[in-house]
Amino acid sequence: MVNIMEANTITKNAGTAVLEDRAHTGTQESAERKPVFKTNNFNLWYGDNHALQDINLRFNQNEVSAIIGPSGCGKSTFVKALNRMVELVPIVRTEGEILYRDQDIFNRKMTVEELRTKVGMVFQKPNPFPKSIYDNVAYGPRVHGIRKKKILDEVVEKSLRDAAIWDEVKDRLNENAYGLSGGQQQRICIARALATEPDVILMDEPTSALDPISTTKVEDLMHELKKNYSIIVVTHNMQQAARVSDTTAFFYQGYVVEHDDTKVIFENPRDQRTEDYVSGRFG
Amino acid sequence: MQLIDKNVIAKKRSGRLTLNNAMKWIFFLCTMVGLIVLVTLIVDTLMDAVGYLNMDFLTNFSSSRVESAGFYGAIIGSLWLMFVTVPVAIFLSVATALYLEEYAPKNKVTDFIKINISNLAGVPSVVFGLLGLAIFVRAMAMGNSVLAAGLTLALMILPVIVVSSQEAIRSVPSTVREASIGMGATKWQTVSRIILPAAIPGIITGIILAISRAIGETAPLVVIGVPTTLLVTPDGFLDSFQAMPMQIYAWIKMPQEEFQYLAAAGIIVLLAILILMNSVAIFIRNKFSRRY
Ligand SMILES: Nc1ncnc2c1ncn2[C@@H]1O[C@H](COP(=O)(O)OP(=O)(O)O)[C@@H](O)[C@H]1O
Ligand SMILES: [Mg+2]
């Protein structure tokens, strides 16, 4: 405990030295690693609770970026900040910058509706609408004004295929989504997110409510999806982060201890606490 | 080392089962009390009404002669009344509930308003009658018209529908709200496509209760000055009208016994119309609960 505390103060005093983000200067350095999200000294408070402290991160296009850390360290808060969902909590206050493709998301020029259309989200618990499978997936396009049945049909089929659930539901598109198993519901939710053709997909512990087989399916899916999308996924499952992600950020008590290529984080972390956490010594 | 004495458990078992059984019977008996009173009332009223429930009763205007006195003017008047009350009340209260639950800032003022709306549901109906008299009948010069009475009754049932709508809106899980907002839907799209459809069954339950109260309400109409004898039906919302509960009340006040039977017939007709209106509401409710 004392050790952690000390390390803690050192990090805070060292300031940006530890917070510096190495993920894109790592071994895979190349021009292709275009950033989709960058945060500059981002801070967030729930009332007096300083939940996110000086976050400097960068997430790349066509990668799966994992966020790990013990519970309560601010992972959900952080991903919800990326699509400004966190502002639904009235006591939230933010400082600093979040750039989505070099545009400040807090700038008035970008409406939250526009941001959330480009940055989709999959939640921890499957949360389909109490509607048919078809209506669930068609919801996004419809909300954005697409009415043509033919286009909707195509979007629904493509999204369900991309979410690897088409074969299981193609004969029951008009049935209520609540009739599906938890794992199927979660893939419906992923299909629903894909249907708006987002650029980035945020996932907050998308498999924590699922059985192992469904979890594997969703993990395989992430791997598949990164060809066309950029994925930022929160997970408290270390193996999952190691399996699916290209980079991993380790959050601890509201700040980023280390962000690097996943391989480095798991095999050769720079910070003692990262090593302790990924090896299961605390968390 | 054994913490639990199996003998004690065995000894207590029969007591638990007896209590379990007893509770079922207590609940059953309580249900029966209400049911028996209700059935007795209805049967009693039906017996009184039976000789007077005929076509003439439904098509004649009210009269001081029992043989030719009918309920026609009252039925039509009450329907006109509901035609104002129901849409106005539904629109105002659902909008209020949506604002309070979905839009209003979460603070002390909002909490204060919410508490007071529930309290309004307990205000005696006469008070709403006085309010209607002062505002609609006098200040806005509507007289004792359909519109004035309809708006008064709408205000009276407002709190009931607001509270039940709030309840229904609150019971829509916030996870589906977040799902909708998270896809770039606007607040209004989320409200109209997700929250309202999911809340409609609960809202309609409140509407049914409220309409049942409004259609049988007498006191506010007395205060507003709704006439009991009128030989025309209204042609517009600013015309004067009769109403079923007023007519029933007037008949009950008559000294002759025959008029008591007429009142009974009126009560049966009122109940029948109420059941009809509520069936429509229940039909809509079931339609929504099946789809969602
Ligand atoms: N809606 C909220 N209101 C107030 N505080 C919150 C809220 N959500 C989260 N927090 C606080 O923010 C911190 C980070 O929480 P969270 O982001 O949920 O962590 P994680 O997802 O890593 O478990 C915690 O201290 C938590 O108590
Ligand atoms: Mg979380």
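For the protein sequence lines, the chains are A and B, in the order given.
Each residue of the first sequence is one higher than the last, beginning at 1 in this note's numbering.
Each residue of the second sequence is one higher than the last, beginning at 1001 in this note's numbering.
Note that CB positions come from ideal geometry on N, CA and C, so glycine has one too.
A quick note: this is a predicted structure, and the numbers were derived from the prediction, not measured.
Check the C-beta distance from residue i over to residue j and give it rounded, since I have them as a contact under 8 Å.
| i | j | result |
| --- | --- | --- |
| Ile67 of chain A | Lys75 of chain A | 5 Å |
| Asn43 of chain A | Leu57 of chain A | Not confirmed; about 13 Å, so no contact. |
| Asn1060 of chain B | Gly1070 of chain B | 3 Å |
| Val1226 of chain B | Phe1237 of chain B | Not confirmed; about 14 Å, so no contact. |
| Leu1133 of chain B | Val1223 of chain B | 5 Å |
| Ala1243 of chain B | Ala1089 of chain B | At roughly 16 Å, the Cβ-Cβ gap does not stay under 8 Å, so Ala1243 of chain B and Ala1089 of chain B are not in contact. |
| Ile1323 of chain B | Met1082 of chain B | Any answer about residue 1323 of chain B is impossible in this case: the structure gives chain B only from 1001 up to 1292. |
| Gly96 of chain A | Thr39 of chain A | 7 Å |
| Asn127 of chain A | Val1176 of chain B | 6 Å |
| Val257 of chain A | Thr235 of chain A | Rounded, the Cβ-Cβ distance is 16 Å, inconsistent with contact. |
| Asp246 of chain A | Val64 of chain A | 6 Å |
| Ala191 of chain A | Lys125 of chain A | Between Lys125 of chain A and Ala191 of chain A the Cβ distance is about 16 Å, and since that is not below 8 Å, they are no contact. |
| Leu1092 of chain B | Lys1114 of chain B | That belief does not hold up - the Cβ atoms of Leu1092 of chain B and Lys1114 of chain B are roughly 16 Å apart, past 8 Å. |
| Asp204 of chain A | Gly183 of chain A | Actually they are not in contact, since the Cβ atoms of Asp204 of chain A and Gly183 of chain A sit about 17 Å apart, beyond 8 Å. |
| Phe284 of chain A | Gly69 of chain A | Since the first residue shown for chain A is 1 and the last is 283, residue 284 of chain A is missing from the structure and cannot be characterised. |
For residue i and residue j, I'd like the C-alpha separation in whole angstroms.
| i | j | result |
| --- | --- | --- |
| Leu1019 of chain B | Cys1030 of chain B | 16 Å |
| Tyr230 of chain A | Asp162 of chain A | The sequence as given places Ser at residue 230 of chain A; Tyr does not occur at that position. Cα-Cα distance, rounded: 14 Å. |
| Gln1260 of chain B | Lys1253 of chain B | 8 Å |
| Ala1095 of chain B | Ile1203 of chain B | 12 Å |
| Leu180 of chain A | Cys189 of chain A | 12 Å |
| Leu1196 of chain B | Val1172 of chain B | 9 Å |
| Val112 of chain A | Arg84 of chain A | 7 Å |
| Asp1239 of chain B | Gly1129 of chain B | 18 Å |
| Ala17 of chain A | Ser214 of chain A | Below a pLDDT of 50, predicted positions are generally treated as unreliable, and Ala17 of chain A, at 40, falls in that range; no measurement from the model is reported. |
| Val1033 of chain B | Val1043 of chain B | 16 Å |
| Val1274 of chain B | Met1156 of chain B | First, the residue type needs correcting, since residue 1274 of chain B is Leu and not Val in the sequence shown. Each residue's Cα considered, the two are about 18 Å apart. |
| Gln272 of chain A | Arg281 of chain A | 11 Å |
| Ser1144 of chain B | Leu1053 of chain B | As written in the sequence, residue 1144 of chain B is Asn, which differs from the Ser given in the question. Whole-angstrom Cα-Cα distance: 29 Å. |
| Arg1285 of chain B | Arg1170 of chain B | 18 Å |
| Val122 of chain A | Ile201 of chain A | 7 Å |
| Tyr255 of chain A | Ile1004 of chain B | 49 Å |
| Val156 of chain A | Ala1010 of chain B | 60 Å |
| Val1086 of chain B | Val1126 of chain B | 19 Å |
| Ser1192 of chain B | Ala1272 of chain B | 34 Å |
| Val143 of chain A | Gln1189 of chain B | 7 Å |
| Leu1262 of chain B | Pro1255 of chain B | 12 Å |
| Gln28 of chain A | Glu154 of chain A | At Gln28 of chain A the pLDDT is 46, less than 50, meaning the model places this residue with poor confidence; the figure from the coordinates comes in the next sentence. C-alpha separation (whole angstroms): 37 Å. |
| Ala1199 of chain B | Lys34 of chain A | 44 Å |
| Asn1021 of chain B | Val1008 of chain B | 21 Å |
| Glu1293 of chain B | Val1066 of chain B | With chain B covering only 1001 through 1292, there is no way to say anything about residue 1293 of chain B. |
| Val1123 of chain B | Pro1159 of chain B | 10 Å |
| Asn41 of chain A | Ser1289 of chain B | 48 Å |
From the DSSP output, in three-state form, read off residue i for me.
| i | result |
| --- | --- |
| Ser65 of chain A | strand |
| Leu1133 of chain B | helix |
| His223 of chain A | helix |
| Val256 of chain A | strand |
| Tyr1292 of chain B | Low per-residue confidence applies at Tyr1292 of chain B: pLDDT is 48, beneath 50, and the placement is therefore not dependable, though the value from the model is reported in the following sentence. Coil, per DSSP. |
| Pro212 of chain A | helix |
| Met140 of chain A | It should be noted that the sequence gives Gly, not Met, for residue 140 of chain A. Helix, per DSSP. |
| Asp1235 of chain B | coil |
| Glu197 of chain A | coil |
| Leu202 of chain A | strand |
| Met110 of chain A | coil |
| Asn1119 of chain B | helix |
| Lys1253 of chain B | helix |
| Ala81 of chain A | helix |
| Met121 of chain A | strand |
| Tyr277 of chain A | helix |
| Glu32 of chain A | coil |
| Phe282 of chain A | coil |
| Ile1157 of chain B | helix |
| Arg147 of chain A | coil |
Does chain D have any CB closer than 9 Å to the CB of residue i?
| i | result |
| --- | --- |
| Arg192 of chain A | Note that chain D does not occur in the displayed structure, where the protein chains are A and B. |
query: Quick one, which residues of the segment 80-103 of chain A are near chain B if we go by CB-CB under 8 Å, in chain order?
result: Asn83, Met85, Leu88, Pro90
- prompt: With a cut-off of 8 Å, do at least 3 Cβ pairs link the segment 1239-1249 of chain B to the segment 1264-1273 of chain B?
  reply: yes
query: Does the count of Cβ pairs from the segment 1117-1127 of chain B and the segment 1174-1192 of chain B closer than 8 Å reach three?
result: no
query: How about the segment 219-237 of chain A and the segment 136-155 of chain A: do they share at least three Cβ pairs that are nearer than 8 Å?
result: no
field: Validate contact between the segment 101-112 of chain A and the segment 127-135 of chain A using beta carbons, cut 8 Å, 3 pairs
entry: no
task: Specify whether the segment 215-227 of chain A and the segment 134-144 of chain A touch according to this definition: at least 3 beta carbon pairs, one from each stretch, less than 8 Å apart.
output: no
- prompt: Using a beta-carbon distance cut-off of less than 9 Å, what residues from the segment 1094-1113 of chain B approach chain A?
  reply: Pro1105, Lys1106, Asn1107
query: At a Cβ cut of 9 Å, what residues of the segment 187-213 of chain A count as close to chain B, listed as they run along the chain?
result: Cys189, Arg192, Ala193, Ala195, Thr196, Pro198, Leu202
- prompt: In the segment 267-282 of chain A, which residues sit with their C-beta less than 9 Å from some C-beta in chain B, listed in chain order?
  reply: none
field: Interfacial residues, the segment 1157-1191 of chain B to chain A, with Cβ spacing under 8 Å
entry: Pro1173, Thr1175, Val1176, Glu1178, Ala1179, Ser1180, Ile1181, Gly1182, Met1183, Gly1184, Ala1185, Thr1186, Gln1189
field: Under 8 Å (Cβ pairs) to chain A, residues found in the segment 1079-1092 of chain B
entry: none
message: Tell me which residues of the segment 1194-1205 of chain B have at least one Cβ-Cβ distance to chain A shorter than 9 Å, keeping chain order.
response: Ile1194, Pro1197, Ala1198
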